[in-house]
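Here the structure comes first, spelled out in structure tokens, and everything after it is commentary.
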Amino acid sequence: QELRVIFDHFDANKDGNIAYAEFVGVLRSDMSQDRMSIVKKAWQKLSQGAASVSFEQLVAQYNAPAHPRVTSREKRAETVMNDFVQLMSEKVQGGEISEEAFMSYYADSNAVTPVDKENYFITTILKTWGLEGTAVTVNSARLAELEDIIFEKIRQRTHGADDEGKTVRKIFKHFDLDGFGTICFSEFTRALESMGCAFPEFESRAIFAKYDKDNNAKLDYEEFSAWFAIRGSGNNPNVNPVFGVKREPPNQVLQKILDTLKKRGAHGIRGLGIVFRRMDNNGDRKMDRNEFMWGLRENGHTLSPSEFERIFKYFDKNNDGKVSYDEFLVGIRGDMNERRQALCMLAYKKLDRDGSGLVDMNDIALAYDVTQHPKFKTGEMSRNDILTEFMAQWDRNVRDGKVTKEEWLDYYRDVSASIDEDDYFELMIRNAWHLAGGEGQYENTTIKRH
Numbered sequence: 001q002e003l004r005v006i007f008d009h010f011d012a013n014k015d016g017n018i019a020y021a022e023f024v025g026v027l028r029s030d031m032s033q034d035r036m037s038i039v040k041k042a043w044q045k046l047s048q049g050a051a052s053v054s055f056e057q058l059v060a061q062y063n064a065p066a067h068p069r070v071t072s073r074e075k076r077a078e079t080v081m082n083d084f085v086q087l088m089s090e091k092v093q094g095g096e097i098s099e100e101a102f103m104s105y106y107a108d109s110n111a112v113t114p115v116d117k118e119n120y121f122i123t124t125i126l127k128t129w130g131l132e133g134t135a136v137t138v139n140s141a142r143l144a145e146l147e148d149i150i151f152e153k154i155r156q157r158t159h160g161a162d163d164e165g166k167t168v169r170k171i172f173k174h175f176d177l178d179g180f181g182t183i184c185f186s187e188f189t190r191a192l193e194s195m196g197c198a199f200p201e202f203e204s205r206a207i208f209a210k211y212d213k214d215n216n217a218k219l220d221y222e223e224f225s226a227w228f229a230i231r232g233s234g235n236n237p238n239v240n241p242v243f244g245v246k247r248e249p250p251n252q253v254l255q256k257i258l259d260t261l262k263k264r265g266a267h268g269i270r271g272l273g274i275v276f277r278r279m280d281n282n283g284d285r286k287m288d289r290n291e292f293m294w295g296l297r298e299n300g301h302t303l304s305p306s307e308f309e310r311i312f313k314y315f316d317k318n319n320d321g322k323v324s325y326d327e328f329l330v331g332i333r334g335d336m337n338e339r340r341q342a343l344c345m346l347a348y349k350k351l352d353r354d355g356s357g358l359v360d361m362n363d364i365a366l367a368y369d370v371t372q373h374p375k376f377k378t379g380e381m382s383r384n385d386i387l388t389e390f391m392a393q394w395d396r397n398v399r400d401g402k403v404t405k406e407e408w409l410d411y412y413r414d415v416s417a418s419i420d421e422d423d424y425f426e427l428m429i430r431n432a433w434h435l436a437g438g439e440g441q442y443e444n445t446t447i448k449r450h
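Using full-length UniProt numbering, the letters of the sequence shown map in sequence onto residues 1 to 450.
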């Protein structure tokens, strides 16, 4: 069916035939910027500014033995050379190869080289035309991919109390033969290869150049390692003295978890806390690696191994292989701003009739306006179900029937994390506890109790 759609697209006059030249032309035209750039560099070297190059000269300069298929022993040099001569000879006019003909040859090659073989395409041109020393631009997206590959290789080698930065440091120090804390490009590539990162030379040079801050052909591997230390987000106390860098929180992973929790409404974060507390068998409010992983999975959070490692190491504050789930939940939800805290305390003071700093749970149950709950308005939950769920959030630590200021604020910190707009948060608080005030569409819409 897909082939039929393609065929019909090129069968312009609907006679059951397609123009071969037009079809092939479309296939040949889609050459990436990186591929196009290296082909042009090859032509510039060969032509030296001339409009054309003799076919004999071109063949003489083509280095078939350096072809990747030859060096990998997949093909013989004679076979590669014969293929090149046969296909390039079709482009000859008057014994000459023009720039257009040269580009046309590689457009044909591009058409049969898949997108995921970009490195092979570029490396072939670099090797066969002797461009190994030529600076080839690697776009930022590909450079980021290369860094991801290196990071993943490093992550796989990082165990226990170590972090990714220290792992890189150990490897590079092994190749620092003079012990000066810097490595040259050849030492850099050997270090990468020892990790299983065998990149084409032009890509390795692009990475090297990015971290060669002084542009002196030497890479300070302490700085290179520091990047991986930050990327790993281990936050172990031992990292800062080694690298002198502040570890950054894994905000992207935290946001991924928070987005999932937000979809579950006001009690999403508290639900995750319930899962963690249930798995906390010894009551120390900490979780080891396996408990933390299964707690997240049970709560419906799917993280890649790399994401899990980053978040676990960041919250393993004491470097003891355990995470305080209280600190983790605080890290997920953040804190309330002053405006929201003031509103929450306004409601609390209204309930704390005697000013003792404690609120009776019975008073909370009587004062809470269930009718303002979104799920009551939509009919998803009954009045009794909402009240039962709401009251279950209180009196968790000391079951004395009282709610402290900190318990009150702690609850609303969880709720606050699921609400983006301050004005909507204010409306919710004012309506739930019948607090006068608010402006415009966010003014209290309930009947005020006295």
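We treat Cβ as the ideally placed atom computed from N, Cα and C, and that holds for glycine.
Contact set for residue i: own chain, Cβ-Cβ below 6 Å, skip 5 residues either direction
i: Lys448; result: Low confidence applies to Lys448: its pLDDT is 43, below 50, so where it sits in the model is not reliable enough to give any reading.
i: Lys127; result: Ala66
i: Val138; result: Glu203 and Ala206
i: Lys375; result: Met381
7 Å CB neighbourhood of residue i in its chain, flanking five on each side removed
i: Asp414; result: Ile269, Arg270 and Arg333
i: Thr260; result: Gly300 and His301
i: Thr123; result: Pro68 and Pro200
i: Glu78; result: none
i: Asp288; result: Gly321 and Lys322
i: Asp360; result: Gly401 and Lys402
i: Phe390; result: Tyr368
i: Val80; result: Ala64, His67, Arg69 and Val70
i: Leu351; result: Val359, Asp363, Ile364 and Ala367
i: Phe292; result: Phe312 and Val323
Cut-off 8 Å between Cβ atoms - residues of its own chain near residue i, not counting five sequence neighbours on either side
i: Leu131; result: Ile38, Lys41, Ala42, Lys45 and Ile125
i: Tyr120; result: Pro68 and Thr113
i: Asp176; result: Thr182, Ile183, Glu187 and Tyr221
i: Leu254; result: Ile311, Gly331 and Ile332
i: Ser204; result: Phe185, Phe188, Thr189 and Leu192
i: Val92; result: Phe55 and Ala101
Residue i in three-state terms, based on DSSP
i: Glu298; result: helix
i: Met287; result: strand
i: Leu303; result: coil
i: Val245; result: Reliability fails at Val245, whose pLDDT of 43 lies under 50, so the model's placement of it is uncertain and the value that follows must be treated cautiously. Three-state result, Val245: coil.
i: Val92; result: coil
i: Lys75; result: coil
i: Ile419; result: coil
i: Leu219; result: strand
i: Asp176; result: coil
i: Val168; result: helix
i: Thr260; result: helix
i: Lys402; result: strand
i: Val112; result: coil
i: Lys322; result: strand
i: Val24; result: Its pLDDT being 47, under 50, Val24 is placed unreliably by the model, and nothing is read from it.
i: residue 451; result: Examination of residue 451 is not possible in this model, given that the chain is present from 1 through 450 alone.
i: Ser140; result: helix
i: Ser382; result: coil
i: Ser32; result: coil
i: Trp433; result: helix
i: Ser54; result: strand
i: Thr182; result: strand
Environment of residue i [buried if 16+ CB atoms lie within 10 Å]
i: Thr378; result: exposed
i: Leu87; result: exposed
i: Trp294; result: exposed
i: Gly273; result: buried
i: Tyr211; result: exposed
i: Leu296; result: buried
i: His174; result: exposed
i: Lys14; result: exposed
i: Val115; result: exposed
i: Ser416; result: buried
i: Arg73; result: exposed
i: Leu366; result: exposed
i: Gly357; result: exposed
i: Gly388; result: Note that residue 388 corresponds to Thr in the displayed sequence, not to Gly. When all chains shown are included, Thr388 counts as exposed.
i: Arg155; result: buried
i: Asn290; result: exposed
i: Pro250; result: buried
Chain C within 8 Å of residue i, Cβ atoms only
i: Ser225; result: No chain C appears in this structure, which consists of one protein chain only.
Beta-carbon separation (whole angstroms), residue i vs residue j, contact threshold 8 Å
i: His373; j: Ile386; result: 5 Å
i: Gly265; j: Ser418; result: 6 Å
i: Val168; j: Phe228; result: 5 Å
i: Cys197; j: Ile150; result: 6 Å
i: Phe308; j: Phe328; result: Rounded, the Cβ-Cβ distance is 12 Å, inconsistent with contact.
i: Lys153; j: Met103; result: Contact doesn't hold; Cβ gap of about 37 Å is too wide.
inquiry  = When you compare the segment 45 to 56 with the segment 94 to 110, are there three or more beta-carbon pairs, one atom per stretch, that lie closer than 8 Å?
reply    = By the Cβ rule, the segment 45 to 56 counts as touching the segment 94 to 110, because three or more pairs are nearer than 8 Å.
query = Quick one: any contact between the segment 213 to 222 and the segment 181 to 189, if contact means 3 or more CB pairs under 8 Å?
reply = Touching, yes, given that three or more Cβ pairs across the two stretches are closer than 8 Å.
message = Using a Cβ distance threshold of 8 Å, determine whether the segment 275 to 292 contacts the segment 338 to 351, with at least three qualifying pairs required.
response = Short answer: they don't touch.
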